[in-house]
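Residue numbers (the working numbering): 5 to 289.
Beta carbons: idealized from backbone N, C-alpha and C, even for Gly.
In what follows, a single structure is set out as structure tokens and then discussed.
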């Protein structure tokens, strides 16, 4: 079964699908080894890890695609990829959808912000008109229907600019157009989260950002509200950031960092045992 079909099957199961965020092949592999059913590759984390830059539209389509290809090839589970605004007009959106499908993603997310976009939990966001937003999602759906083996997630940031009524209208229209999953970014209260889930058909995604705008709720409560997919896009990055800063401070102070993983464990995670097994099959000496 391909990754897109795996994701479809997961969406059809009872309960919510919890997806930690990955930003490179190593974090994707850690998520898989921990027993999760999939992962989410977000623009914030990839911009930070690949460029050391903020999520403000600086990272390009080709850079996201390259990072995603490495991630998808490192694991055997569905990965949802952040396609930002689609990187241009409707034709660019279709290129993005096809490119992400070819890279191995099971789903691509397309949003209604202007370009260059901003992180959904920061200030200064602006959105395109309804017509342009709907055109983007129609183009993405058409690319899927024309043969791109990938699901379409449609995101709106309208709550921050035009309020919940506009955000729900857009999300509902995205679902009517044919988006497989909708995502209303950064609701500010549980009441807004409930209104979205009650007002929009189909699978819906919740974005749990530590320190973000949305109430940080446990998966069970999010599922009760009506969410099907729950992502934690920067949890691993925040954890790694803290540990790395602590290790750097220890080394600078002349001591050895505490709580390090063993070198043998690292070798296992990146696949040395599997490499040696294959190598033995073709050794001629």
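query, result
"Per the DSSP calculation, residue 24 is bridged to which residue(s)?", "236"
"Could you name each continuous beta strand (DSSP E) segment of 3 residues or more that falls completely within the region 103-153, going from the start of the chain to the end?", "111-115"
"Applying the 10 Å Cβ sphere with the 16-neighbour rule, what's the burial state of residue 66?", "exposed"
"Please tell me whether residue 141 and residue 185 are closer than 9 Å, where the distance is taken between their beta carbons.", "no"
"Could you compute how far the alpha carbon of residue 226 sits from the alpha carbon of residue 75?", "27 Å"
"Following the continuous alpha helix (DSSP H) through residue 276, name the residue where it begins and the one where it ends.", "276-285"
"Would you tell me roughly how many angstroms separate the C-alpha atoms of residue 251 and residue 266, rounded to the nearest one?", "14 Å"
"Under a Cβ-count criterion, where at least 16 other Cβ atoms within 10 Å of its own Cβ denotes burial, should residue 125 be classed as buried or exposed?", "buried"
"Within 8 Å, do at least three Cβ pairs link the region 222-239 to the region 41-56?", "yes"
"Locate the alpha helix (DSSP H) running through residue 55, then write down its first and last residues.", "Per DSSP, residue 55 belongs to no alpha helix (DSSP H) and is neither H nor E."
"In the DSSP assignment, find the unbroken alpha helix (DSSP H) run with residue 226 in it and report its ends.", "223-229"
"What is the rounded straight-line gap between the Cα of residue 7 and the Cα of residue 84?", "10 Å"
"Which partner residues of residue 212 appear in the DSSP bridge assignment?", "Bridge partners of residue 212: none, in fact."
"Using CA atoms only, rank isn't needed, just tell me which of 153, 89, 96 and 24 is closest to residue 132.", "89"
"With DSSP as the reference, please indicate the residues paired to residue 155 in a beta bridge.", "111"
"Closer than 7 Å by C-beta to residue 152: which residues in its own chain qualify, once you throw out the five before and the five after it? Chain order, please.", "101, 102 and 105"
"Buried or exposed: residue 276, going by 16 or more other Cβ atoms within 10 Å of its Cβ?", "exposed"
"Comparing alpha-carbon positions, which option in 73, 80 and 14 lies nearest residue 34?", "80"
"So with Cβ pairs under 9 Å, would you call residue 135 a contact of chain D?", "The structure shown has no chain D; it contains just one protein chain."
"Per DSSP, what kind of secondary structure is residue 187 in: helix, strand or coil?", "strand"
"Find out if the Cβ-Cβ distance for the pair residue 208, residue 164 is shorter than 9 Å.", "no"
"Have a look at residue 58 and residue 289 and give me their C-alpha separation to the nearest angstrom.", "51 Å"
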